[in-house]
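Remarks on the structure that follows.
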Amino acid sequence: MAKITIYSALDLRDGFYQILMRESDIPLTAGLKNSPATFNRCVTHLLRSVRDFAPSYFNDVFVHSRGVNGKTEVEVHKEHLRKLLGLMRNYKLYANLKKCIFGASEIPILGCLVGKNGELRQFLGLATYLCKYVENYAGKIRPLSQLLKKEAEWKWTAECQQAFDAVKQGLTEAPILAVADQDRPFHVVCDASDFAIGCALMQHDHEGRDRVVYYQSRQLKPAERNYPVHDTGFLP
1 MAKITIYSAL DLRDGFYQIL MRESDIPLTA GLKNSPATFN RCVTHLLRSV
51 RDFAPSYFND VFVHSRGVNG KTEVEVHKEH LRKLLGLMRN YKLYANLKKC
101 IFGASEIPIL GCLVGKNGEL RQFLGLATYL CKYVENYAGK IRPLSQLLKK
151 EAEWKWTAEC QQAFDAVKQG LTEAPILAVA DQDRPFHVVC DASDFAIGCA
201 LMQHDHEGRD RVVYYQSRQL KPAERNYPVH DTGFLP
């Protein structure tokens, strides 16, 4: 989506309930863990011919366009939407019009706004989706998230570059998360700073080594920053 200036986002109504099945089988789907994944695989397969400009993620479809062959971005975007909506009509995929966005300069993707000036938001959107793999993620991204605040002056400092490099390193290097062993006890390691809290769910492996199963962290709310450090460690 780099250097794109026009976007649309479509919300597919009712998720996996759109998958056709016998009416008598519908109650049997309650609680199925693979239902969202099945729906995601179905939509990805049905819309595979337009995934270059309309990738899907579960019940969301994100359309992005740029001008080509003398056509403007708006003209190309209309063509892309026409192709996508034609496929949805053929395969009876229904959208929730109230949640759809058309022809916007930015759209929400995985909790972050992506737009024509949103390279940092794009990076943080991806990184946040993978944050369970990064120790103290919320603390590491603080210099970057500060740049996205309203009224914030855009100034890429050495601290921002260090934060950017630290997140990339955390996503590409060890430690690798271990698969949880339900037959072994778990323990939690917590940490807190003046602006973030974090924890790691850990287990001892069969050789007695500490292995990380999951990382979790978040930035402190303004009121929470007034707490003593020994109290912030107990925040949820």
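Counting from 1, one number per residue, gives the positions in the sequence shown under the UniProt record's numbering. Ideal placement from N, C-alpha and C gives every residue a C-beta, glycine not left out. From a predicted model like this one, the values you see are computed outputs, not experimental measurements.
(request) Give the DSSP-derived three-state secondary structure of residue 137 in the structure shown. (result) Looking at residue 137 - three-state DSSP - the assignment turns out to be helix.
(message) To test your reading of the DSSP string, which unbroken beta strand (DSSP E) runs of 3 or more residues are found completely within the UniProt domain "Reverse transcriptase" (30-112)?
(response) Correct list: 60-65, 101-104 and 106-109.
(message) Can you tell me whether residue 161 is helix, strand or coil according to DSSP?
(response) Per DSSP, reduced to three states, the secondary structure at residue 161 is helical.
(request) Following the continuous beta strand (DSSP E) through residue 204, name the residue where it begins and the one where it ends. (result) Boundaries of the beta strand (DSSP E) harbouring residue 204: 196-204, taken from the DSSP string.
(request) Could you check the C-alpha separation between residue 205 and residue 184 for me, to the nearest Å? (result) Rounded to whole angstroms, residue 205 to residue 184 spans 8 Å at the Cα level.
(request) List the endpoints of the continuous alpha helix (DSSP H) containing residue 147. (result) Looking at the DSSP string, the run of the alpha helix (DSSP H) that includes residue 147 is 142-147.
(message) Determine whether the beta carbon atoms of residue 243 and residue 60 lie at a separation below 8 Å.
(response) This structure gives no information on residue 243, because the portion of the chain shown stretches from 1 to 236.
(request) Under 8 Å Cβ to Cβ from residue 212, same chain only, skipping five residues before and after it: list those, please. (result) By the criterion of a C-beta distance shorter than 8 Å, residue 212 is surrounded in its chain by 135, 175, 177, 178, 200, 201 and 202, once the five residues flanking it on both sides are discounted.
(request) Measure the C-alpha to C-alpha separation of residue 4 and residue 81 and round it to an integer number of angstroms. (result) Our two residues, residue 4 and residue 81, have alpha carbons roughly 15 Å apart in a direct line.
(message) Taking 8 Å as the threshold (C-beta atoms), are residue 217 and residue 138 in contact?
(response) Less than 8 Å divides the Cβ of residue 138 from the Cβ of residue 217.
(request) Along the alpha helix (DSSP H) that carries residue 231, what are the first and last residues, could you check? (result) From DSSP, the alpha helix (DSSP H) with residue 231 extends over 229-232.
(request) State the DSSP-derived secondary structure class of residue 6, mapped to helix, strand or coil. (result) Three-state DSSP puts residue 6 in a strand.
(message) At the level of alpha carbons, what is the spacing between residue 68 and residue 186?
(response) Approximately 55 Å, taken between the alpha carbons.
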